[in-house]
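For the protein sequence lines, the chains are A and B, in the order given. Heads up: the first sequence at position 143 corresponds to 143 in this note's numbering, and the numbers run straight through without jumps. Heads up: the second sequence at position 179 corresponds to 179 in this note's numbering, and the numbers run straight through without jumps. Even for Gly, the Cβ is constructed at its ideal location relative to N, Cα and C. First comes the structure, then the notes that go with it.
2 protein chains.
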Amino acid sequence: MCHEIYVVGMGPGEESMMTPQAMQILEKSDVIIGYTVYLKLLGERFSNKELLSTPMKQEKERCQLCFEKAREGKRVSLICSGDAGVYGLASLMLELGKDYEDCNVTVIPGITAANSGAALLGAPLNHDFCVISLSDLLTPWERIEKRLIAAAEGDFAIAVYNPSSRKRADYLERACRILMEHGIEPDRACGYVENIGRDHTCAKTLTMAELLHTEVNMFTTVFIGNSQSEIIDGKLVTKRGYRL
Amino acid sequence: MCHEIYVVGMGPGEESMMTPQAMQILEKSDVIIGYTVYLKLLGERFSNKELLSTPMKQEKERCQLCFEKAREGKRVSLICSGDAGVYGLASLMLELGKDYEDCNVTVIPGITAANSGAALLGAPLNHDFCVISLSDLLTPWERIEKRLIAAAEGDFAIAVYNPSSRKRADYLERACRILMEHGIEPDRACGYVENIGRDHTCAKTLTMAELLHTEVNMFTTVFIGNSQSEIIDGKLVTKRGYRL
Chain A
1 MCHEIYVVGM GPGEESMMTP QAMQILEKSD VIIGYTVYLK LLGERFSNKE LLSTPMKQEK
61 ERCQLCFEKA REGKRVSLIC SGDAGVYGLA SLMLELGKDY EDCNVTVIPG ITAANSGAAL
121 LGAPLNHDFC VISLSDLLTP WERIEKRLIA AAEGDFAIAV YNPSSRKRAD YLERACRILM
181 EHGIEPDRAC GYVENIGRDH TCAKTLTMAE LLHTEVNMFT TVFIGNSQSE IIDGKLVTKR
241 GYRL
Chain B
1 MCHEIYVVGM GPGEESMMTP QAMQILEKSD VIIGYTVYLK LLGERFSNKE LLSTPMKQEK
61 ERCQLCFEKA REGKRVSLIC SGDAGVYGLA SLMLELGKDY EDCNVTVIPG ITAANSGAAL
121 LGAPLNHDFC VISLSDLLTP WERIEKRLIA AAEGDFAIAV YNPSSRKRAD YLERACRILM
181 EHGIEPDRAC GYVENIGRDH TCAKTLTMAE LLHTEVNMFT TVFIGNSQSE IIDGKLVTKR
241 GYRL
């Protein structure tokens, strides 16, 4: 017998931005497992389910709990904010799945902050783009730095995830300095969005020189335009190349 | 008076993957404008609306039609497949909006093929990634080549849009050769997805050496893993770095 487990991207947080596909899978689940903040975002709607969590940094244990519950015969969903396959737990579940041959893992996509944040700012990712996380919890900083340099050299628009945290207050500034050392000029069009899909959402456009000295929190996604990007009527716009 | 126009990402095609937010905005619209293929994907549900289109390559005219209809007092939505801000018409609408000060353009995000395709393959974009289009209709090939090189040098996972068309049958092969010349080894884990969110969806994993000789059509999204990616039980998995 094969136990089906779903890794579900819930989008930015508001129910109106979760797909009907994701919603239906959660509704059919017996058990919903996720980081406590995400379970709270789901709200009252699923209070009739078995809701389980493990503390932050215990992602492996959270995933193993999914397999164990599935083996009890429960229909299990693991929720991730945004898209389950963008800095979410989809890959860890597929890796661990090697040890659970009687379980099958299916990934359900959701809207990730690159896309939901971009929409609030205008259209910053409307040409080739990169997504880079500044978190060095699981990735050596040298690799992050290498990717920032490559993004600048490739003239990509960039969405930056995890630009800051209490222990990494200066990481965004460090990233901006690396980008500027590799050709991104001080007046490059940029923007950031705080609290996407939650209360107190805030979208702001600014230049790279201004971004360099901006303090952001961990609920922020930062956008850096490419060399063709412009701020038009307060919106960050990366052009596709149409002749006007 | 300010006329509101929505640029709506409809996701990959199936209604179950369009957000309730996007659905509600389309339901409240008097006029839905879009490329004919996308209007057809919407199906019968909106047959009571004024549905308008312009031929392919007449994107500027399609956008202008939105502003003209809005000025007639109609509630207008422009639909794009996937996400409106990823190779969609969001940026062109915001650029043209400069000439229509009485109109306000709002972008509604959707699930783009990078995310919906990734979910079908497993988790190929579960670490830093790039999205690159191989279409040189609006972008000089030299710029595409530069971005492919940067993506390889930065060791990004890559989602490739528009990998082929009738006039560009060999573009994917050219792209693969460039990537291989810049360090992507023949056994790099890759994959592709055809017809995401439509009939006859097909997801396949393979190596870079195999991808090089694979013919894909224009309804295909190609995924190239980073140096840490693996094919696990038929799924393309890019690891986040958890210790197992």
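Counting only runs of at least 4 residues, the region 2-65 of chain B fully encloses the following alpha helix (DSSP H) elements, listed from N- to C-terminal order: 20-27, 36-42. At a C-beta separation below 9 Å, A/L41 has no neighbours in chain B, since its nearest C-beta there lies roughly 15 Å away. Using a Cβ distance threshold of 8 Å, A/L138 and B/Y192 do not count as a contacting pair. For B/I5, the closest Cβ of chain A is not nearer than 8 Å. Listed along chain A, the residues sitting closer than 7 Å to B/E95 by beta-carbon distance are I232, V237, K239, L244.
In the three-state reduction of the DSSP assignment, B/L121 falls in the helix class, which pools H, G and I. Against chain B, the beta carbon of A/Q21 has neighbours under 9 Å at E14, S16, M17, listed in chain order. Rounded to whole angstroms, the separation of the alpha carbons of A/M93 and A/L65 is 11 Å. Straight through space, the alpha carbons of A/M18 and B/I79 are spaced by roughly 18 Å. Assignment of beta-bridge partners to B/V237 by DSSP yields B/A123, B/E230. From the listed residues B/I108, B/V107, B/C130, B/P109, the smallest Cα separation to B/A118 is found for B/C130. Straight through space, the alpha carbons of A/E101 and B/L89 are spaced by roughly 44 Å. Assigned with DSSP and collapsed to three states, B/K204 falls in strand. For B/D30 and B/L96, the gap between their C-alpha atoms comes out near 21 Å. Under the DSSP assignment, B/E185 falls outside any alpha helix (DSSP H); it carries neither an H nor an E label.
Nearest to A/A209 by alpha-carbon distance, out of A/E194, A/L179, A/F219, is A/L179.
Look at B/L138 here: in three-state DSSP terms it is coil, with no helix or strand label.
For B/A169, the three-state secondary structure derived from DSSP is coil. B/C202 is classed as exposed because its beta carbon has fewer than 16 other beta carbons within 10 Å across all chains shown.
Distance between A/I144 and A/Y87, taken at the CA atoms: about 14 Å. Taking the CA atoms as reference points, A/I231 sits about 21 Å from A/E173.
Using a Cβ distance threshold of 8 Å, A/I108 and A/I25 count as a contacting pair. A distance below 8 Å between beta-carbons, with the five flanking residues on each side excluded, links B/R177 to the following residues of its chain, in chain order: L212.
Contacts between B/P109 and chain A, judged by CB atoms closer than 8 Å, involve M17, I111, N115, S116, A118, A119 in chain order. Within chain A, no residue has its beta carbon less than 8 Å from that of B/C80; the closest one is some 10 Å off. DSSP places B/N195 outside both helix and strand once states are collapsed to three, so it counts as coil.
Selection A/L51, A/E59, A/A84 evaluated against A/K69 yields A/L51 as nearest (Cα-Cα).
In this structure, the straight-line span from the alpha carbon of A/E72 to that of A/I33 is close to 14 Å. Runs of the alpha helix (DSSP H) spanning 4 or more residues and lying entirely within the region 57-108 of chain B occur at 59-71, 90-96, in chain order.
Around the beta carbon of A/A123, 16 or more other beta carbons sit within 10 angstroms, so the residue counts as buried. In the structure shown, A/I158 adopts extended strand secondary structure according to DSSP, grouped into three states. The continuous beta strand (DSSP E) containing A/T220 extends over residues 220-224. When secondary structure is reduced to three states using DSSP, A/I149 falls in the helix class. The contact set of B/E59 on chain A, defined by CB atoms closer than 9 Å, consists of R240, Y242 in chain order.
Exclusion of the five residues before and after A/T106 leaves Y6 as the residues of its chain whose Cβ lies within less than 6 Å of its Cβ.
Between B/L92 and chain A, the shortest Cβ-Cβ separation is below 8 Å.
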